[in-house]
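Undergrad: Just so you know, we're using this note's numbering here: the sequence shown kicks off at 2 and counts up by one.
Just so it is clear, CB atoms sit at the ideal spot from N, CA and C, and this is done for glycine as well.
Below you will find the structure I want to go over with you.
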Amino acid sequence: MPAARPRLLYVTDLAYPARGRRYGDEDVFLTSRLRAHFDLALCHPLDAAALMDGYDAVVVRNSGPVLGYQQEYDAFRARALGDGVRVYNPLTGKADMAGKQYLLDLTTAGFPVIPTVDRAEELHRLPAAEHYVVKPKFGADSLGLRVLPAGRIADAPRADGGLLVQPCVDFAYEVSFYFVDDDFQYALHAPDPERRWELKPYPATAADLEFARRFIDWNALGYGIQRVDACRTADGELLLVELEDLNPYLSLHALPEEDRDSFVAALTSSLSRFVQGSFRPA
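Okay, structure coming up:
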């Protein structure tokens with residue numbers, strides 16, 4: 002049974018060199034607030050498997066792309082699932098947590114997502130474009146991403162389906178919707194596509210939230226933090242860019258203080274239910 006004050010192992014790489022962002026600052030802020038309700042210990046993702054015994058839950062936050070430590074992450078995941086360790090976010094995510102196969106699945110299912118294929122024989126399914134994005138199916142943080150002109154795209158896909166191909170979309174801006182469990186918390190957007198790191202609060206409409214909730218419902222995590230990244234096309238349509246369900250950066254620094262407080266309250270409540278409820282890993 003959990004202790005009177007639940008014990009959390011908070012996994013973060015405080016020194017991760019994110020471009021234009023300070024991941025460590027966000028986790029220092031979050032843990033400073035969560036300590037009012039939980040007994041906390043912070044650890045690097047490489048140490049999580051060895052340290053997670055004796056905690057009521059392991060909270061994976063800004064731990065960096067797992068490509069940099071894939072073997073260790075796979076071992077952590079296997080041990081957590083085998084031992085029934087509560088991991089937040091739960092390890093049942095179908096989106097970025099499991100690679101980018103979901104972009105193919107959602108394309109096939111007719112969801113509003115940037116059209117995606119992974120085979121040369123399927124390139125005809127993509128809309129015509131002057132340039133195309135090619136990226137690894139198990140990539141992260143734009144690692145390995147290339148932009149190719151249409152004349153070079155025919156030879157881009159690999160025979161093993163390890164690369165994804167998407168048309169370059171002409172968009173007005175990017176917008177992200179942040180959820181805790183099934184509850185919408187806030188939205189941020191980059192008004193200037195050339196300055197994607199300059200985020201501002203975005204007043205989400207009912208139609209925007211209907212769009213975002215389709216992906217939250219599809220992923221069916223139950224608990225956890227998710228970020229729905231989308232782009233607003235030139236004709237006003239929203240298309241999914243990414244559904245981040247492993248360790249989404251939250252850009253809390255871009256929020257007014259009252260919105261940060263509201264997010265912390267929602268996260269605290271979710272974590273409390275998670276460690277005290279009947280959840281078990283699948």
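1) In the structure shown, what three-state DSSP assignment does residue 281 receive?
2) Count the other C-beta atoms from every protein chain shown that fall within 10 angstroms of the C-beta of residue 18, then say buried if there are 16 or more, exposed otherwise.
3) Out of 43, 194, 11 and 77, which one is the CA nearest neighbour of residue 60?
4) Quick test of your reading: residue 310 and residue 70, contact by CB under 8 Å. State the CB separation rounded to the nearest angstrom.
5) Give a yes or no on whether the minimum CB-CB distance between residue 259 and chain C is below 7 Å.
6) What's the C-alpha gap between residue 25 and residue 13?
7) Under a Cβ-count criterion, where at least 16 other Cβ atoms within 10 Å of its own Cβ denotes burial, should residue 64 be classed as buried or exposed?
8) Using three-state DSSP, classify residue 2 as helix, strand or coil.
9) Any contact of the segment 105-123 with the segment 155-172, i.e. 3+ C-beta pairs under 8 Å?
10) Starting from residue 234, follow the beta strand (DSSP E) in both directions and report where the run begins and ends.
11) Can you tell me which of 187, 97 and 216 puts its alpha carbon nearest to the alpha carbon of residue 267?
12) Pick out the complete alpha helix (DSSP H) segments inside the segment 171-251, 4 residues or longer, and give them in chain order.
13) Below 8 Å on the Cβ atoms is my guess for residue 1 versus residue 27; work out the distance and round it to an integer in Å.
14) Using 8 Å for Cβ pairs, my map puts residue 154 next to residue 179. What's the rounded Cβ distance?
15) What residue range does the beta strand (DSSP E) around residue 58 cover?
16) Please go through the same chain and pick out, in chain order, the residues whose beta-carbon is closer than 7 Å to the beta-carbon of residue 203, but skip the five residues on each side of it.
17) To test your reading of the DSSP string, which unbroken beta strand (DSSP E) runs of 3 or more residues are found completely within the segment 49-130?
18) Quick check: what's the CA-CA separation for residue 227 versus residue 253?
19) Quick one: residues in its chain with C-beta nearer than 6 Å to the C-beta of residue 150, no 5 flanking neighbours on either side, listed in chain order?
20) If you draw a straight line from the alpha carbon of residue 173 to that of residue 200, how long is it in whole angstroms?
21) Would you call residue 246 buried or exposed, if buried means 16 or more other Cβ atoms sit within 10 Å of its Cβ?
22) In whole angstroms, what separates the C-alpha of residue 57 from that of residue 273?
23) Does DSSP put residue 150 in a helix, a strand or coil?
24) Roughly how many angstroms lie between the CA atoms of residue 220 and residue 80, to the nearest whole one?
25) Provide the residue span of the alpha helix (DSSP H) that contains residue 34, from first to last.
26) Ignore the nearest five residues each way along the sequence and tell me which others in residue 49's own chain have a CB closer than 6 Å to its CB.
27) In angstroms, rounded to a whole number, what distance separates the CA positions of residue 75 and residue 240?
28) Would residue 7 pass as a contact of residue 39 if the rule is Cβ separation under 7 Å?
29) Use the C-beta contact count for residue 236: other C-beta atoms within 10 angstroms, 16 or more gives buried, fewer gives exposed.
30) When the Cα atoms are used, what is the spatial distance from residue 281 to residue 130?
TA: Considering the structure as presented:
1) Interpretation of residue 281 is limited by its pLDDT of 45, a score under 50 that renders its predicted location unreliable; the figure taken from the coordinates is listed afterwards. Here residue 281 sits in coil by DSSP.
2) The residue in question, residue 18, is exposed, as its Cβ has fewer than 16 Cβ neighbours within 10 Å.
3) Here the closest residue by C-alpha is 11.
4) This structure cannot settle anything about residue 310, because the visible part of the chain is limited to 2 through 283.
5) Considering every chain present, this structure includes no chain C. It has just one protein chain.
6) Each residue's Cα considered, the two are about 8 Å apart.
7) Buried: at least 16 other Cβ atoms inside 10 Å.
8) Residue confidence for residue 2 is low, a pLDDT of 49 falling below 50, so the modelled location carries little weight and cannot support an answer.
9) Taking a cut-off of 8 Å on C-beta distances, the segment 105-123 touches the segment 155-172, as three or more cross pairs fall below it.
10) Secondary structure note for residue 234: its beta strand (DSSP E) is the uninterrupted segment 226-234.
11) The option with the nearest alpha carbon to residue 267 is 187.
12) The segment 171-251 contains, as complete alpha helix (DSSP H) runs of 4+ residues, the segments 207-220 (chain order).
13) Not covered by the structure: residue 1. The range shown for the chain is 2 to 283.
14) Contact doesn't hold; Cβ gap of about 34 Å is too wide.
15) Where residue 58 is concerned, the enclosing beta strand (DSSP E) stretches over 58-61.
16) Answer for residue 203: 176, 188, 189 and 190, listed in chain order.
17) Listed in chain order, the complete beta strand (DSSP E) runs (minimum 3 residues) inside the segment 49-130 are 58-61.
18) When only Cα atoms are considered, residue 227 and residue 253 end up about 14 Å apart.
19) Close CB contacts of residue 150 within its chain, under the 6 Å cut and outside five residues either way in sequence, are with 132 (chain order).
20) Rounded to the nearest whole angstrom, the C-alpha separation of residue 173 and residue 200 is 14 Å.
21) Residue 246 sits buried, since 16 or more C-beta atoms from the chains shown fall within 10 Å of its C-beta.
22) The C-alpha of residue 57 lies about 10 Å from the C-alpha of residue 273.
23) In the structure shown, residue 150 adopts extended strand secondary structure according to DSSP, grouped into three states.
24) Roughly 23 Å separates the two Cα atoms.
25) Element bounds for residue 34: 24-35.
26) Only 12 and 77 meet the Cβ criterion.
27) So the two alpha carbons sit approximately 31 Å from each other.
28) The Cβ atoms of residue 7 and residue 39 lie closer than 7 Å to each other.
29) So residue 236 counts as exposed.
30) Per-residue confidence for residue 281 stands at a pLDDT of 45, beneath the threshold of 50, marking its modelled position as unreliable; no derived number is given.
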